[in-house]
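Trainee: The structure's right below; bear with me while I get my questions together.
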Amino acid sequence: MKYTQLGRTGLKVSRLTLGTMNFGPLTNEPDSHSLMDAALDAGVNYFDTANVYGQGAGKGRTEEIIGTWFAQGGERRDKVVLATKVYGNMAAEGETVWPNHDLLSAVNIRRAVEASLKRLQTDHIDIYQFHHIDRNTPFDEIWQAVDVLVQQGKILYAGSSNFPGYKIAQANETARRRGSYGLVSEQCLYNLAARDAEMEVIPASQEYGLGVIPWSPLHGGLLGGVLKKQDQGARRTGGRAAAELAKPEVRARITAYEELLDKHGLEPGEAALAWLLTRPGVTAPIVGPRTADQLASALRAVDLELSPELLDGLDEIFPGPGPSPESFAW
């Protein structure tokens, strides 16, 4: 495994992030534990989750599964850089959300941290991330809550997820004024088929020293060889990939993409991950394997070298927005 610094911090993290959203709803506890063991054995030390993960098995279930894995010992917790998130409510389906039991008020941040620590069976969270912007809570309040938790040793760093560039700037300028450390990472939707983050989010992250952690690197399976799998009858395409493939222009791009990678003898999913690892500012894409084979495929991407010719071909099929602000100004 290769490692890099997380943004401007001294923290070393693997070039892949183990995403755990499937743990509970799609992957049972024993299989989830096996995947975490395999990831750790392969050198993946960056694990990502969220307090609301587990929908279908119950919100919080994913953190509980990670907690029972930590409880097995063997230096599991000590070796893992643990990231979780706060924002969404933890009410069950159909239940009323009690006031102050969601979003980013100081009250909810404190409550959510304590609940996550209990489920995770740990005394601290390495990177505590805001899952979305809260338009009604000022950053002064958010940083006050974070600073107290840092002083208490319950969290070490703060990160963001799904923030626009201007909110990254606001958050870190407020932190700078207060003498707080500020955001150290941003999780954003970023892949070959969704490159909007190159306009503002990634430049802002680089300017303020945030590590970029792309989620959905295969765009809901669309970049994972979906057409080839259809032809082989491997599985039926559903969800976002099916909806996108129904659009003729998207299907044409995916066809060209798979043909290009076939010409170079590469697996689409591995190439899509390897492409992200070449992008400026990107620290570690989030992979969410459901099986050992999917994890092994993701691990191979770390050592995959993409030729300049292939990179140019991918840009032709999936052109980015260009540099900001020139691409929309002059």
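Just so we're aligned: the sequence shown equals residues 9 to 338 in my numbering. Cβ coordinates follow ideal geometry from the N, Cα and C atoms, glycine included.
Going by alpha carbons, who is nearest to V88 out of I133, L231 and A264?
Mentor: Stepping through the sequence shown from its first residue, residue 88 is reached at position 80. Comparing Cα-Cα distances from V88 to each of I133, L231 and A264, the minimum goes to I133.
Trainee: Apart from the five residues just before and just after Y61, which ones in its own chain have a Cβ nearer than 6 angstroms to its Cβ?
Mentor: Taking the sequence shown and counting its residues from 1, one reaches residue 61 at position 53. Hits under 6 angstroms: M29 and T70.
Trainee: From the DSSP output, in three-state form, read off N180 for me.
Mentor: Numbered from 1 along the sequence shown, position 172 holds the residue referred to as residue 180. It is helical.
Trainee: Starting from the C-beta of F147, find all residues in its chain whose C-beta is less than 7 angstroms away, skip the five residues before and the five after it, and write them out in chain order.
Mentor: Taking the first residue of the sequence shown as position 1, residue 147 is located at position 139. Closer than 7 angstroms at the Cβ level, and outside the excluded window around F147, lie Q178, A179 and T182.
Trainee: Taking the alpha carbon of G247 as the point to measure from, which residue in W283, L230 and A306 has its own alpha carbon closest?
Mentor: Counting from 1 along the sequence shown, the entry for residue 247 is found at position 239. It is L230.
Trainee: So the alpha helix (DSSP H) K271 belongs to, where does it begin and stop?
Mentor: Start at 1 with the first residue of the sequence shown, and residue 271 comes out as number 263. Per DSSP, K271 belongs to the alpha helix (DSSP H) from P256 to K271.
Trainee: Suppose you measure from the CA of Y265 to the CA of I325; what does that come to, to the nearest Å?
Mentor: Within the sequence shown, numbered from 1, the residue matching residue 265 stands at position 257. Within the sequence shown, numbered from 1, the residue matching residue 325 stands at position 317. So the alpha carbons of these two residues sit roughly 7 angstroms apart.
Trainee: According to DSSP, is L24 helix, strand or coil?
Mentor: For the purposes of this step, residue 24 is taken as the residue at position 16 of the sequence shown. Residue state, collapsed to three classes: coil.
Trainee: Under 7 angstroms between the Cβ atoms of G18 and G217?
Mentor: Start at 1 with the first residue of the sequence shown, and residue 18 comes out as number 10. Start at 1 with the first residue of the sequence shown, and residue 217 comes out as number 209. Not a contact, by the Cβ cut-off of 7 angstroms.
Trainee: Can you give me the C-alpha to C-alpha distance between P39 and L281, rounded to a whole angstrom?
Mentor: Taking the first residue of the sequence shown as 1, we reach residue 39 at position 31. Taking the first residue of the sequence shown as 1, we reach residue 281 at position 273. Residue 39 is actually Asp in this sequence, not Pro. Cα-Cα distance, rounded: 23 angstroms.
Trainee: For W223 and L24, I'd like the C-alpha separation in whole angstroms.
Mentor: The count along the sequence shown starts at 1 and reaches residue 223 at position 215. The count along the sequence shown starts at 1 and reaches residue 24 at position 16. Those two C-alpha atoms are separated by around 11 angstroms.
Trainee: Going by other Cβ atoms of all chains shown within 10 Å of its Cβ, with 16 needed for buried, is N53 buried or exposed?
Mentor: In the sequence shown, residue 53 corresponds to position 45, counting from 1. The residue is buried, with at least 16 neighbouring Cβ atoms inside 10 Å.
Trainee: Between the segment 202-221 and the segment 316-334, do at least 3 Cβ pairs fall closer than 8 angstroms?
Mentor: Segments in contact, yes.
Trainee: Excluding sequence positions up to five away, which residues of its chain have a Cβ less than 7 angstroms from the Cβ of Q152?
Mentor: Counting from one through the sequence shown, the residue named residue 152 turns up at place 144. Once the five neighbours on either side are set aside, the close Cβ partners of Q152 are A114.
Trainee: Considering Y216, what are the terminal residues of the alpha helix (DSSP H) in which it resides?
Mentor: Within the sequence shown, residue 216 is the residue found at index 208, counting from 1. Here the alpha helix (DSSP H) through Y216 covers V209 to Y216.
Trainee: Which value, in whole angstroms, describes the spacing of the CA atoms of T299 and K271?
Mentor: If you number the sequence shown from 1, residue 299 lands on position 291. If you number the sequence shown from 1, residue 271 lands on position 263. Near 27 angstroms, if we compare the C-alpha coordinates of K271 and T299.
Trainee: If you follow the beta strand (DSSP E) that V290 is in, where does it begin and where does it stop?
Mentor: Along the sequence shown, one-based indexing puts residue 290 at 282. Counting along the chain, V290 falls outside any beta strand (DSSP E), and DSSP gives it neither H nor E.
Trainee: Can you give me the start and stop residues for the alpha helix (DSSP H) that A46 sits inside?
Mentor: Working through the sequence shown from its first residue, we reach residue 46 at position 38. Per DSSP, A46 belongs to the alpha helix (DSSP H) from E37 to D49.
Trainee: Going residue by residue through the segment 117-178, where are the continuous alpha helix (DSSP H) segments of at least 4 residues, counting only ones entirely within it?
Mentor: Whole alpha helix (DSSP H) segments, 4+ residues: 147-160.
Trainee: Go ahead and pull the three-state DSSP assignment for E194.
Mentor: As a first step, residue 194 must be located in the sequence shown, where it is residue number 186. If DSSP states are grouped into helix, strand and coil, E194 belongs with the strands.
Trainee: Do three or more CB pairs link the segment 247-260 to the segment 284-303 at distances below 8 angstroms?
Mentor: These segments do not touch.
Trainee: Can you pull the DSSP bridge partners for N199?
Mentor: Translated into positions along the sequence shown, residue 199 becomes position 191. Answer is A202, bridged to N199.
Trainee: Consult DSSP for L90 and reduce its assignment to one of helix, strand or coil.
Mentor: On the sequence shown, residue 90 is found 82 positions in, with the first residue counted as 1. It is a strand residue.
Trainee: Taking the C-alpha atoms as reference points, what is the distance between I221 and A212?
Mentor: Indexing the sequence shown from 1 puts residue 221 at position 213. Indexing the sequence shown from 1 puts residue 212 at position 204. Roughly 14 angstroms between the two C-alpha positions.
Trainee: Could you tell me if D320 is buried or exposed, where buried requires 16 or more neighbouring beta carbons within 10 angstroms of its beta carbon?
Mentor: Position 312 of the sequence shown holds residue 320. Exposed, because fewer than 16 other Cβ atoms sit within 10 Å of the Cβ of D320.
Trainee: If you follow the alpha helix (DSSP H) that W338 is part of, which residue opens it and which one closes it?
Mentor: Looking up residue 338 in the sequence shown gives position 330. Neither: W338 is in no alpha helix (DSSP H) and is coded neither H nor E.
Trainee: Go ahead and pull the three-state DSSP assignment for G219.
Mentor: Locating residue 219 in the sequence shown gives position 211, where the first residue counts as 1. Here G219 sits in strand by DSSP.
Trainee: Residues in the same chain with beta-carbon distance under 8 angstroms from L7, minus the five sequence neighbours each way, listed in chain order, please.
Mentor: Residue 7 lies beyond the range of the chain shown here (9 to 338); nothing can be said about it.
Trainee: Does DSSP put T299 in a helix, in a strand, or in coil?
Mentor: Your numbering for residue 299 matches position 291 in the sequence shown. If DSSP states are grouped into helix, strand and coil, T299 belongs with coil.
Trainee: Decide if N59 is buried, meaning its Cβ has at least 16 other Cβ atoms within 10 Å, or exposed.
Mentor: For the purposes of this step, residue 59 is taken as the residue at position 51 of the sequence shown. Buried, since its Cβ has 16 or more Cβ neighbours within 10 Å.
Trainee: Please report the distance separating the alpha-carbon of D301 from that of M207.
Mentor: Translated into positions along the sequence shown, residue 301 becomes position 293. Translated into positions along the sequence shown, residue 207 becomes position 199. Distance between the alpha carbons of D301 and M207 is about 34 angstroms.
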